[in-house]
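K.L.:
According to UniProt numbering, the sequence shown is numbered sequentially starting from 1.
Here you go, one structure.
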Amino acid sequence: MALVETLYCKVCTFPVDFCDYNKKATKCKAWLEETHPAEYQKLYANKENEDVDEKTKKVEESLKKMELRQEKKDKKELEDQQNSKIIIKTIERTKRKRSIEIQGLEVFPLNLKKLSKKFSNKFATGCSIVDNKLVLQGDLADDIEIFINQLLKEEAGLDGIKVEKIVAKRKKTEEELAAEAAAAIANGTSTAKYVKGDELKKA
Ligand SMILES: [Zn+2]
């Protein structure tokens, strides 16, 4: 059995194993590292590594949590997009004039300002943004539906998003109702005469 000589610290005078328990520990360690590097490694190197490992582990854990949170958020956004619906509303302004409101685009990763420029160029008409809706003039619902599907695919990588087309009918004027009733009587499809301010009545 080899005799193990106890190494005493020159700073605190205790055996080096006890340096950690006195107030001069930092100076003790510096002395030991300087004068007995092998002894220093044996006493402190593993502990330092453990501390580093612990820190790395904590950083990795919080990164993982952040990634998970981001993944959940991305998934939720994608689900929201897949479940949402774009509505193309045709509004009858007059007998011939139509305007279009496109609703529900804000859910998607598309820039409404850029989009409005694209629509305006594509359909050669003014396009404005009102309360997150794109508004443009013309009877364009079918063309817009095709264009929107194309944009969603090209710019957001989304396929199969629901697009619904609705028409907000204009209330007909008294004159138009009377003219329609008269025309129907003239071509024999109806005998109902229009009475002003009232429902259609049998003649
Ligand atoms: Zn010491």
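All C-beta atoms in this analysis are idealised placements derived from N, C-alpha and C, irrespective of residue type, glycine included.
#1: Confirm the yes/no value for this check: CB of LYS24, any heavy atom of ligand 1, distance under 7 Å.
#2: Could you give the DSSP three-state label for LYS171: helix, strand or coil?
#3: Use the C-beta contact count for TYR8: other C-beta atoms within 10 angstroms, 16 or more gives buried, fewer gives exposed.
#4: SER120 lies in the alpha helix (DSSP H); which residues open and close that run?
#5: Between which two residues does the beta strand (DSSP E) containing ALA192 stretch?
#6: Determine the extent of the beta strand (DSSP E) in which GLU33 is found, giving its start and end residues.
#7: If I follow the unbroken alpha helix (DSSP H) through LEU152, where does it start and stop?
#8: For the candidate residues LEU177, GLY160, THR189 and ALA168, whose alpha-carbon lies nearest to that of GLU79?
#9: Leaving aside the five residues before and after ASP131 along the sequence, list all residues of the same chain whose C-beta is less than 7 Å from its C-beta, in chain order.
#10: Tell me whether VAL4 counts as near ligand 1, meaning its Cβ is closer than 7 Å to at least one heavy atom of that ligand.
#11: Taking all protein chains shown into account, do 16 or more other C-beta atoms lie within 10 angstroms of the C-beta of ALA181, making it buried, or fewer, making it exposed?
#12: Under 8 Å between the Cβ atoms of ILE100 and THR90?
#13: Beta strand (DSSP E) containing ARG98: first to last residue?
#14: Can you give the Cα-Cα distance for LEU105 and GLU71, rounded to whole angstroms?
#15: Report yes if the C-beta of VAL11 is less than 7 Å from at least one heavy atom of ligand 1; otherwise report no.
#16: Tell me ILE166's beta-bridge partners as DSSP assigns them.
#17: Would you say the beta carbon of VAL16 is closer than 7 Å to some non-hydrogen atom of ligand 1?
#18: Considering only the alpha carbon of each residue, which of LEU152, ILE146 and ASP17 lies closest to LEU32?
#19: Pull up the DSSP beta-bridge partners for CYS127, would you.
#20: Let's test the definition: count the other Cβ atoms within 10 Å of the Cβ of VAL4 and tell me whether it reaches 16, buried, or not, exposed.
P.N.:
Per the coordinate set shown:
#1: yes
#2: coil
#3: Burial call: exposed.
#4: 112-123
#5: Where ALA192 is concerned, the enclosing beta strand (DSSP E) stretches over 192-194.
#6: Premise fails: GLU33 lies in the alpha helix (DSSP H), 25-35, not in any beta strand (DSSP E).
#7: For LEU152, the enclosing alpha helix (DSSP H) begins and ends at 141-156.
#8: GLY160
#9: none
#10: no
#11: buried
#12: Result yes, Cβ atoms of ILE100 and THR90 sit closer than 8 Å.
#13: From DSSP, the beta strand (DSSP E) with ARG98 extends over 98-103.
#14: 23 Å
#15: yes
#16: LYS89
#17: Shortest gap from the CB of VAL16 to any heavy atom of ligand 1: under 7 Å.
#18: Minimum Cα distance to LEU32 is reached at ASP17.
#19: LEU136
#20: Under the 10 Å beta carbon count, VAL4 is surrounded by fewer than 16 other beta carbons and is classified as exposed.
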